[in-house]
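In my numbering, the protein residues as written are 342 to 527.
Here it is in structure tokens:
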């Protein structure tokens, strides 16, 4: 119900955000408290973050890169190999699969979405940045799009956008084959 505490923010805001996060994860109390904090929480699509100039997206990207760098150091210190698997949001998968006429209908309703044609989606941007750092990257988006185009099967639940059994199986098989091909799985 409150904006994420990005960059430099007050101790109070950070504490409130952390407390609400813990409540949200562990009880149904949050559903009772949230309406008191925000009259109507904004609906955010994952596509919104890269189709507009967005400080929150830039902050999230930089934070993600720092976390990946730290994780890489820890993994390599333990003597293991490090790789990253990118998981695209269901909104991006749906957008990628749209026909030109379906996309045009979206652009008529949401003109700012045209920018999605001009820029790299987050998965391509992350792939470039991580590959430049010598990190092996598997982007699951092409596998998901191809599978859905070929079979017509859904890979996620309709309402919460998490993977269903088919999506989990496809992700696992894609990672397994990628690891075998890249000789990372012995």
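Here a beta-carbon is modelled for each residue, glycine too, at the ideal position from N, C-alpha and C.
For the pair residue 475 and residue 487, the Cα-to-Cα distance works out to about 27 Å.
Here residue 501 carries a coil assignment [DSSP, helix/strand/coil]. Membership of residue 424 in any alpha helix (DSSP H) is not indicated; the residue belongs instead to the beta strand (DSSP E) covering 424-427. For residue 432, the secondary structure class from DSSP, reduced to helix, strand or coil, is helix.
The residue among 517, 508 and 470 with its C-alpha nearest the C-alpha of residue 495 is 508. Counted as a single uninterrupted DSSP element, the stretch harbouring residue 511 is not any beta strand (DSSP E) but the alpha helix (DSSP H) occupying residues 506-522. Comparing C-alpha distances from residue 437 to each of 520, 490 and 408 shows the shortest one belongs to 490.
DSSP places residue 419 outside both helix and strand once states are collapsed to three, so it counts as coil. Within the stretch 458-498, complete alpha helix (DSSP H) segments of at least 4 residues are found at 463-473 and 482-492, given in chain order.
Bounds of any alpha helix (DSSP H) do not take in residue 452, whose DSSP letter is neither H nor E.
For residue 447, the CB contacts under 6 Å within the same chain, skipping 5 residues up- and downstream, are 454 in chain order.
Closest by C-alpha distance to residue 403, out of 481, 467, 510 and 506, is 467. Of 422, 406 and 358, the smallest CA-CA separation from residue 473 is found for 406. Nearest neighbour of residue 410 by Cα position, chosen from 521, 477 and 361, turns out to be 477. Exposure of residue 352 is indicated by the presence of fewer than 16 other C-beta atoms within 10 angstroms of its C-beta. When the alpha-carbon of residue 482 is set against those of 412, 522 and 462, the nearest one is in 462.
Of the residues 396, 398, 431 and 422, the one whose Cα lies closest to the Cα of residue 501 is 431.
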